[in-house]
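Residues 2 to 413 in this note's numbering are what the sequence shown lists, from first letter to last. To start, the structure under review is shown below, and the notes come after it.
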Amino acid sequence: MIIDSTKYSGKCSCGREHSMVTKFSVVESGALKNIDKYLNEYDIKGFTVTVYDENTYKATADRHPSADYEVVLSPDNLHANEHGVDLLLEKLPDNVEVLIAVGSGTIHDITRYCAWKIGAEFVSCPTAASVDGFCSSVAAMTWHGCKKTLTAVAPKIVVADIDIIKNAPKYLAKSGFGDMIGKYIALTDWKISNILTGEIYCDSIAEITMNATKEVMESAAGIESGNEKTFEKLTYGLLMSGLAMQMFGNSRPASGAEHHISHIIEMSPKGLSVSSDALHGEKVGVGTIIAAREYHRIAGLQDISFKNYEEYSKEYIGKIFTDELYDEILAENEKDCASGIKGERLAECWSKIREEIKKIPTAENLCDIYEKLGVKMKLADINVADEKEQELIEYSPCVRNRVTLMRLRKCI
Ligand SMILES: [Zn+2]
Ligand SMILES: [Zn+2]
């Protein structure tokens, strides 16, 4: 499967010009063995360093891209944070022109951020279908304890070898599934904001993301058996979602309330006492069920008297977020995206918003699907107490200044 993403560049029906850094992706068995050919075709040359962790170095032993230098990081305690970045920067020679990441999400985020720091070109070789961020132009980082999306470099090409991806541990692909199913919420949040505030919305990008989500949903049943077609479609879907983010210029099409639940768990604020070592997509998958249940509950309410939106107070933020996180979250919400939204406006738009919510699968629906696939579905499955659900619903919108229905609960 080849994705020629140059066709997504240029003037779009939404009136904007979308530009793509990623020119080409290949998703097929043995793709890594041909990487030199692809590098050549896309004129990617210069002093090349390949970055692995010990696991991906072993998994790709018979097909390492030829490079001038190789870095193999220990996967123990390796995270996409300031320590991971320092670790890689220390190991890089001075004259790097091309950085190739061979790994899953963490290796990609660290490498793409370093590529931006040192001005190198970036090439992505995913080794698992675990997240949708391979094509991203930003790195999802926990920076001094706070979840941040930092400027980074999108890959010029993506070489996804299905031989490697289908043999990665199955929980990684299930995590990729969780990251994708979250798009039902993310796309709804985006559309709701468009209806309510006129936020820029692109039908083409939303359609690409929704199609990618359906592709993944339809193919997920073959994860457990290691079906080659399943992994091809799963990887393709994840890449398309990433390309849609690239088209838009930020994560809006792919990340809404469900991601904010994942992020707040990752930040683990002192006042909330939640923490989890679950994978990104596992947390997003659980967050999706929580958001779906809450959104359908809201859509089912009768005779709501909508209130004007009120910004988060310092006291409110301070109840949960302390120390460095307090300042970070305060700064994040300083220019509150929902400021000025009036109850009247919500009432006016409510029937349209309700129609959008109805398109989200119900929590029961999602639970059935998760159960069949053996995907983590409850907070307890990711080692968070189930009774934390209400606090997560309340506080998770603070972590990202973005209009979501979860943030607008305050008006309801
Ligand atoms: Zn567009
Ligand atoms: Zn995600």
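Every residue, glycine too, gets a C-beta built ideally from N, C-alpha and C.
DSSP three-state assignment for residue i, whether helix, strand or coil
i	result
Asn82	strand
Val376	coil
Tyr53	strand
Tyr172	helix
Val160	strand
Ser263	helix
Met248	helix
Thr7	helix
Leu151	strand
Tyr296	helix
Glu283	helix
Thr143	strand
Tyr317	helix
Tyr70	strand
Heavy atom of ligand 1 within 7 angstroms of residue i beta-carbon
i	result
Ser10	no
Ile224	no
Ser205	yes
Ser14	yes
His297	no
His1	In the structure as shown, the chain begins at 2 and stops at 413. Residue 1 is therefore absent and cannot be evaluated.
Buried/exposed call for residue i, threshold 16 Cβ in 10 Å
i	result
Leu90	exposed
Ala153	buried
Gly120	exposed
Ile3	exposed
Asn334	buried
Thr128	buried
Ser6	buried
Glu55	exposed
Asn82	buried
Residue i: CB within 7 angstroms of a non-hydrogen atom of ligand 2
i	result
Ser194	no
Val132	yes
Worksheet item: Within the chosen definition, does the segment 8-28 reach the segment 158-165 through at least 3 CB pairs nearer than 8 angstroms?
Response: Touching, yes.
Fill in: Three or more C-beta pairs below 8 angstroms linking the segment 362-371 and the segment 263-275
Here the segment 362-371 makes no contact with the segment 263-275; the two share fewer than three CB pairs at distances below 8 angstroms.
Worksheet item: How about the segment 12-23 and the segment 203-213: do they share at least three Cβ pairs that are nearer than 8 angstroms?
Response: yes
Fill in: the segment 222-241 in contact with the segment 103-113 per 3-pair CB rule at 8 angstroms
no
Fill in: Three-pair Cβ contact test at 8 angstroms for the segment 238-248 versus the segment 132-149
Segments in contact, yes.
Practice prompt. Could you pull out every unbroken alpha helix (DSSP H) segment of at least 4 residues lying fully inside the segment 105-135, listed in chain order?
Written response: 106-119
Worksheet item: Would the segment 186-196 and the segment 61-69 be scored as touching if the rule is three or more Cβ pairs under 8 angstroms?
Response: Too few Cβ pairs lie closer than 8 angstroms, so no.
Fill in: Segment contact flag, the segment 305-315 with the segment 336-351, C-beta cutoff 8 angstroms, min 3 pairs
Cβ pair count under 8 angstroms is three or more, so yes.
Discussion item. In chain order, what are the residue ranges of uninterrupted alpha helix (DSSP H) at least 4 long that sit wholly in the segment 380-408?
Written reply: 390-396
Worksheet item: Quick one: any contact between the segment 41-53 and the segment 96-105, if contact means 3 or more CB pairs under 8 angstroms?
Response: yes
Worksheet item: Hey, is the segment 210-220 in contact with the segment 320-328, meaning 3+ C-beta pairs nearer than 8 angstroms?
Response: no
Practice prompt. Answer yes if the segment 169-189 comes into contact with the segment 71-79, meaning at least three C-beta pairs across the two stretches below 8 angstroms, and no otherwise.
Written response: no
Discussion item. Going residue by residue through the segment 318-365, where are the continuous alpha helix (DSSP H) segments of at least 4 residues, counting only ones entirely within it?
Written reply: Taking only runs of at least 4 residues, the alpha helix (DSSP H) segments lying wholly in the segment 318-365 are 324-333 and 344-359.
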